[in-house]
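Those protein sequences? They're chains A and B, same order as listed.
Counted from 1, the first sequence has number 156 at position 156 by the working numbering; the numbering is strictly sequential.
Counted from 1, the second sequence has number 248 at position 248 by the working numbering; the numbering is strictly sequential.
Yeah, the Cβ is synthetic: ideal placement off N, Cα and C, and Gly gets one too.
A quick write-up on the structure given underneath.
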Amino acid sequence: MMEIQLIINDINYKVDIDVNMRLIDLLRDKLGLTGTKEGCGEGECGACTIIMDGESVNSCLVMAFQANGSNIITIEGLENNGELDPIQRAYMEEGSVQCGFCIPGLIISTKALLDKHPNPTREEIREGMSGNLCRCTGYNKAIDAAQKAIEYLKEGQNDFKNSW
Amino acid sequence: MKKRGVGLGVSFYGTGYGNGFPDVSNAEVQLLEGGKVGIFVGATEVGQGAKTAMIQIGAEALNMDHKDIVLVSEDTSQMMDSGTAAATRQTYNTGNAVKIACENFNKRLFDLAKVELGLNSTAGLVAQDGDIYLGIFPQKRISYKDLSEKYKDDIIRVVGSFTAQTVKMDDETGQGAPYWPYTFNACMVLVEVDTNTGRVELLKAAFAQDVGRAVNPSLVKGQMDGGFAMSLGYTLFEDLALENGVMKNRKFSKYLLPTSMDMIDVENIIIEDPESTAPYGAKGIGEPVTIPIGPAILNAIYDASGVRIFNLPVTPEKLMKALRESEESEAI
Numbered sequence: 001m002m003e004i005q006l007i008i009n010d011i012n013y014k015v016d017i018d019v020n021m022r023l024i025d026l027l028r029d030k031l032g033l034t035g036t037k038e039g040c041g042e043g044e045c046g047a048c049t050i051i052m053d054g055e056s057v058n059s060c061l062v063m064a065f066q067a068n069g070s071n072i073i074t075i076e077g078l079e080n081n082g083e084l085d086p087i088q089r090a091y092m093e094e095g096s097v098q099c100g101f102c103i104p105g106l107i108i109s110t111k112a113l114l115d116k117h118p119n120p121t122r123e124e125i126r127e128g129m130s131g132n133l134c135r136c137t138g139y140n141k142a143i144d145a146a147q148k149a150i151e152y153l154k155e156g157q158n159d160f161k162n163s164w
Numbered sequence: 001m002k003k004r005g006v007g008l009g010v011s012f013y014g015t016g017y018g019n020g021f022p023d024v025s026n027a028e029v030q031l032l033e034g035g036k037v038g039i040f041v042g043a044t045e046v047g048q049g050a051k052t053a054m055i056q057i058g059a060e061a062l063n064m065d066h067k068d069i070v071l072v073s074e075d076t077s078q079m080m081d082s083g084t085a086a087a088t089r090q091t092y093n094t095g096n097a098v099k100i101a102c103e104n105f106n107k108r109l110f111d112l113a114k115v116e117l118g119l120n121s122t123a124g125l126v127a128q129d130g131d132i133y134l135g136i137f138p139q140k141r142i143s144y145k146d147l148s149e150k151y152k153d154d155i156i157r158v159v160g161s162f163t164a165q166t167v168k169m170d171d172e173t174g175q176g177a178p179y180w181p182y183t184f185n186a187c188m189v190l191v192e193v194d195t196n197t198g199r200v201e202l203l204k205a206a207f208a209q210d211v212g213r214a215v216n217p218s219l220v221k222g223q224m225d226g227g228f229a230m231s232l233g234y235t236l237f238e239d240l241a242l243e244n245g246v247m248k249n250r251k252f253s254k255y256l257l258p259t260s261m262d263m264i265d266v267e268n269i270i271i272e273d274p275e276s277t278a279p280y281g282a283k284g285i286g287e288p289v290t291i292p293i294g295p296a297i298l299n300a301i302y303d304a305s306g307v308r309i310f311n312l313p314v315t316p317e318k319l320m321k322a323l324r325e326s327e328e329s330e331a332i
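Dropping the structure here:
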């Protein structure tokens with residue numbers, strides 16, 4: 001056992017972990033943040049994508065102790081006082097979700113991309129999402145949503161009212 | 001050398017269990033406390049949009065806002081069976097059951113309204129937005145809310161059932177009408193074949209799908225994109241390597257699914273030709289949207305390179321081998 005400190009979705013945590021615990025297990029099993037999904041468990045599918053110190057990472061490939069002192073954003077951290085993030089809102093409006101299992105990872109990858117490159121082309125969005133496998137949607141509506149989110153972010157409509 | 005080619009694939013597909021197999025869907029509609037209406041139906045939502053479609057069909061048949069409808073599904077203790085979410089059958093088959101149940105529900109409410117309003121007959125009664133009124137004298141009116149209070153000890157719940165019509169094929173002659181209805185589609189693609197590497201790249205695609213009536217065009221287009229991507233993977237990447245019944249490549253690093261970079265923007269065209277036996281003309285498209293893409297890609301590869309591939313997936317190794325064999329046979 002060891003103790004680590006980290007920030008997740010703007011909240012400080014001090015937790016005891018096993019040294020062989022993966023970050024995804026810390027998030028899901030220990031902290032109950034089950035929005036992050038485990039798909040393949042070997043870094044191929046992207047369902048477990050989170051943002052760690054500004055970079056998108058597969059949380060199944062990061063050990064929990066490696067997150068000591070880090071700042072993490074998961075899908076639960078996107079909503080702000082009951083209001084959806086512009087990316088989440090765009091996903092709903094564009095009908096980008098089918099079964100939904102890959103969607104938290106896709107949305108986090110989209111956020112990681114737009115945080116760094118606020119105005120990507122459609123091809124750059126494809127590249128930014130290419131680490132996230134989706135079996136249902138064919139990705140195109142997720143790309144439409146990313147483009148819509150870019151417009152929302154430009155318009156500064158972060159403070160829209162959540163009508164859902 | 002990079003060579004371009006165009007290919008077309010077309011298909012027709014019978015939906016439902018077919019071939020005379022009993023294909024039954026049931027739905028139940030109940031007047032809820034406060035005047036909302038509950039639709040209890042076993043249409044399982046797997047992301048295809050069954051819940052959305054059933055609510056839309058219900059709202060149309062009940063002539064009321066979808067927000068006043070409560071859909072309860074996927075709980076066998078609360079509802080009758082509606083068969084599997086398979087065989088492209090929920091929108092057509094279970095959609096029909098929902099529509100019939102809603103129509104039966106309206107008839108039942110009309111009978112009750114006749115009594116409550118002191119009328120001679122149910123003729124001319126109209127159901128609209130949670131009220132029942134007499135069309136020629138709208139002051140004669142009762143709300144679902146009032147009815148739900150009056151009948152709170154005698155729950156109003158009605159069933160609708162739909163059984164698809166199919167005829168088993170004759171074992172000897174193969175004659176019969178195994179499916180009803182059929183859906184139709186066509187897909188055209190432009191590909192580029194790299195004859196030095198065997199790699200096939202999709203450049204452009206158009207895809208037209210007959211849906212009878214698009215209950216929800218956004219969901220239809222989502223299914224079309226999804227079907228295209230699945231078939232693209234099936235045609236070019238996905239190789240299920242079985243050995244003694246065990247999959248040898250059961251990892252996403254070895255079994256390749258298309259990523260967002262393999263997928264392209266598809267020009268999706270919805271064809272609406274309402275089917276007379278369908279709920280508001282709507283037919284299912286879940287499986288059909290995966291069918292014509294592979295043939296279109298294979299035809300485009302042939303158009304580009306002169307090589308016909310007869311088994312999938314068309315991996316670069318397989319295509320290179322076929323290209324070499326074709327060159328050798330030309331040399332002879």
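Legend entry - Residue-level contact to chain A via CB, S260/B, 8 angstroms cutoff: On the second sequence, position 260 is the one that residue 260/B refers to. Closer than 8 angstroms: yes.
Inset, instruction - Output the boundary residues of the beta strand (DSSP E) element that contains P292/B. - result: Taking the first residue of the second sequence as position 1, residue 292/B is located at position 292. First-last for P292/B: undefined, no H or E at that position.
Inset, instruction - Say whether chain A places a C-beta atom closer than 8 angstroms to the C-beta of S73/B. - result: Taking the second sequence and counting its residues from 1, the one referred to as residue 73/B is at position 73. No, its Cβ sits nowhere closer than 8 angstroms to a Cβ of chain A.
Inset, instruction - Determine the extent of the beta strand (DSSP E) in which R199/B is found, giving its start and end residues. - result: Residue 199/B sits at position 199 when you count from the first residue of the second sequence. Its beta strand (DSSP E) spans residues 199-210.
Legend entry - Under 9 angstroms from the C-beta of A229/B: neighbouring residues of chain A: Here residue 229/B refers to the residue found at position 229 of the second sequence. Those within 9 angstroms of A229/B in chain A are C134, R135, C136, T137, G138, Y139, N140.
Inset, instruction - Using alpha carbons as the reference points, say which of M54/B, T163/B, D153/B, N19/B lies closest to S25/B. - result: If you number the second sequence from 1, residue 25/B lands on position 25. Checking every option, the nearest Cα to that of S25/B belongs to T163/B.
Legend entry - Top-ranked residue by Cα proximity to E3/A, from D18/A, N12/A, N9/A, I11/A: The residue you call residue 3/A lines up with position 3 of the first sequence. The residue with the shortest Cα to Cα distance from E3/A is D18/A.
Inset, instruction - Return the CA-CA distance between I11/A and S59/A, expressed in angstroms with no decimal places. - result: For this step, residue 11/A is matched to residue 11 along the first sequence. For this step, residue 59/A is matched to residue 59 along the first sequence. Each residue's Cα considered, the two are about 18 angstroms apart.
Inset, instruction - May I ask you to list, following chain order, the residues of the stretch 261-279 of chain B that have a beta carbon less than 8 angstroms from some beta carbon of chain A? - result: M261, M263, D265, V266
Inset, instruction - Spatial neighbours of L61/A within its chain, please: CB distance less than 7 angstroms, with the 5 preceding and 5 following residues excluded, ordered by chain position. - result: Taking the first sequence and counting its residues from 1, one reaches residue 61/A at position 61. Cβ within range, chain order: G43.
Inset, instruction - For A112/A, count neighbouring C-beta atoms within 10 Å of its own C-beta (all shown protein chains included) and say buried if the count is 16 or more, exposed if not. - result: For the purposes of this step, residue 112/A is taken as the residue at position 112 of the first sequence. Burial call: buried.
Legend entry - Neighbour list for G95/A in chain B, Cβ cutoff strictly below 7 angstroms: Here the question's residue 95/A lines up with position 95 in the first sequence. Going along chain B in sequence order, the residues near G95/A (Cβ under 7 angstroms) are S218, L219, G222.
Legend entry - CB contact check: F237/B to chain A, cutoff 8 angstroms: Counting from one through the second sequence, the residue named residue 237/B turns up at place 237. It does not; no Cβ of chain A falls within 8 angstroms.
Inset, instruction - Would you mind reading off the limits of the alpha helix (DSSP H) that contains S326/B? - result: Start at 1 with the first residue of the second sequence, and residue 326/B comes out as number 326. Unbroken alpha helix (DSSP H) run through S326/B: 316-331.
Inset, instruction - Compare the C-beta of D225/B with all C-beta atoms of chain A and state if any pair is closer than 8 angstroms. - result: Position 225 of the second sequence, counted from the first residue, corresponds to residue 225/B. Yes - at least one Cβ of chain A is within 8 angstroms of the one on D225/B.
Inset, instruction - Drop a sphere of 10 angstroms on the beta-carbon of M1/A, count the other beta-carbons inside from all chains shown, and report buried for 16 or more, exposed for fewer. - result: Residue numbering aside, residue 1/A sits at position 1 when the first sequence is read from its first letter. With fewer than 16 other Cβ atoms within 10 Å, it is exposed.
Inset, instruction - Give me whichever residues DSSP pairs with S363/B in a beta bridge. - result: The displayed coordinates of chain B run from 1 to 332. Any statement about residue 363/B would go beyond what the structure contains.
Inset, instruction - Look at the Cβ atom of K51/B, then the Cβ atom of E45/B, and state whether they are nearer than 8 angstroms. - result: For the purposes of this step, residue 51/B is taken as residue 51 along the second sequence, with counting starting at 1. For the purposes of this step, residue 45/B is taken as residue 45 along the second sequence, with counting starting at 1. Their beta carbons are under 8 angstroms apart, which means K51/B touches E45/B by this criterion.
Inset, instruction - Rounded to whole angstroms, what's the CA-CA distance from G222/B to G286/B? Just pull it up for me. - result: The residue you call residue 222/B lines up with position 222 of the second sequence. The residue you call residue 286/B lines up with position 286 of the second sequence. G222/B and G286/B: Cα-Cα distance of roughly 10 angstroms.
Inset, instruction - Run down chain A in chain order and give the residues with a C-beta less than 8 angstroms from the C-beta of G284/B. - result: Looking up residue 284/B in the second sequence gives position 284. Residues of chain A passing the Cβ test: none, with the nearest at roughly 15 angstroms.
Inset, instruction - Using a Cβ-Cβ cut-off of 8 angstroms, state whether S70/A counts as contacting chain B. - result: Counting from 1 along the first sequence, the entry for residue 70/A is found at position 70. No, its Cβ sits nowhere closer than 8 angstroms to a Cβ of chain B.
Legend entry - chain B contact for E127/A (CB, 8 angstroms cutoff): If you number the first sequence from 1, residue 127/A lands on position 127. Chain B, which has a Cβ nearer than 8 angstroms to the Cβ of E127/A, makes this yes.
Inset, instruction - Step through the CB atoms of chain A and report whether any lies within less than 8 angstroms of the CB of V46/B. - result: In the second sequence, counting from the first residue as 1, residue 46/B sits at position 46. True, the Cβ-Cβ gap to chain A drops below 8 angstroms.
Legend entry - Residue closest to M129/A, alpha-carbon to alpha-carbon, out of A47/A, D53/A, Q98/A: Here residue 129/A is taken as the residue at index 129 of the first sequence, counted from 1. Minimum Cα distance to M129/A is reached at A47/A.
Legend entry - Supposed contact pair L319/B and Y234/B - C-beta distance, whole angstroms, cut 8 angstroms: Numbered from its first residue, the second sequence carries residue 234/B at position 234. Numbered from its first residue, the second sequence carries residue 319/B at position 319. Between L319/B and Y234/B the Cβ distance is about 16 angstroms, and since that is not below 8 angstroms, they are no contact.
Inset, instruction - Apply the 10 Å Cβ neighbour rule to V246/B and answer buried if 16 or more other Cβ atoms are within range, or exposed otherwise. - result: On the second sequence, position 246 is the one that residue 246/B refers to. With fewer than 16 Cβ atoms within 10 Å of its Cβ, V246/B is classed as exposed.
Legend entry - Rounded distance between the beta-carbons of I107/A and L78/A, thought under 8 angstroms: Translated into the one-based positions of the first sequence, residue 78/A becomes position 78. Translated into the one-based positions of the first sequence, residue 107/A becomes position 107. Contact holds; Cβ gap of about 7 angstroms.
Inset, instruction - Would you please verify whether the beta carbon of Q147/A is less than 8 angstroms from any beta carbon of chain B? - result: Position 147 of the first sequence, counted from the start, is the residue given in the question as residue 147/A. Taking Cβ atoms only, chain B never reaches closer than 8 angstroms to Q147/A, which makes this a no.
Inset, instruction - Tell whether a beta-carbon distance below 8 angstroms holds between A282/B and G42/B. - result: Position 282 of the second sequence holds residue 282/B. Position 42 of the second sequence holds residue 42/B. No; because the gap between Cβ atoms is not below 8 angstroms, this pair is not in contact.
Inset, instruction - Answer yes if the stretch 163-178 of chain B comes into contact with the stretch 141-152 of chain B, meaning at least three C-beta pairs across the two stretches below 8 angstroms, and no otherwise. - result: no
Legend entry - Buried/exposed call for A241/B, threshold 16 Cβ in 10 Å: Numbered from its first residue, the second sequence carries residue 241/B at position 241. Flag for A241/B reads exposed.
Legend entry - Proximity test, Cβ basis, 8 angstroms: G18/B and chain A: The residue labelled residue 18/B in the question sits at position 18 within the second sequence. Chain A, which has no Cβ nearer than 8 angstroms to the Cβ of G18/B, makes this no.
Inset, instruction - Determine the chain B residues that contact C48/A at a beta-carbon separation under 8 angstroms, and present them in chain order. - result: Looking up residue 48/A in the first sequence gives position 48. Within chain B, no residue comes near C48/A; the closest Cβ sits about 13 angstroms away, beyond 8 angstroms.
Inset, instruction - Identify whether M230/B lies in helix, strand or coil by the three-state DSSP scheme. - result: Mapped onto the second sequence, residue 230/B falls at position 230. Of the three classes helix, strand and coil, the one that applies to M230/B here is helix, per DSSP.
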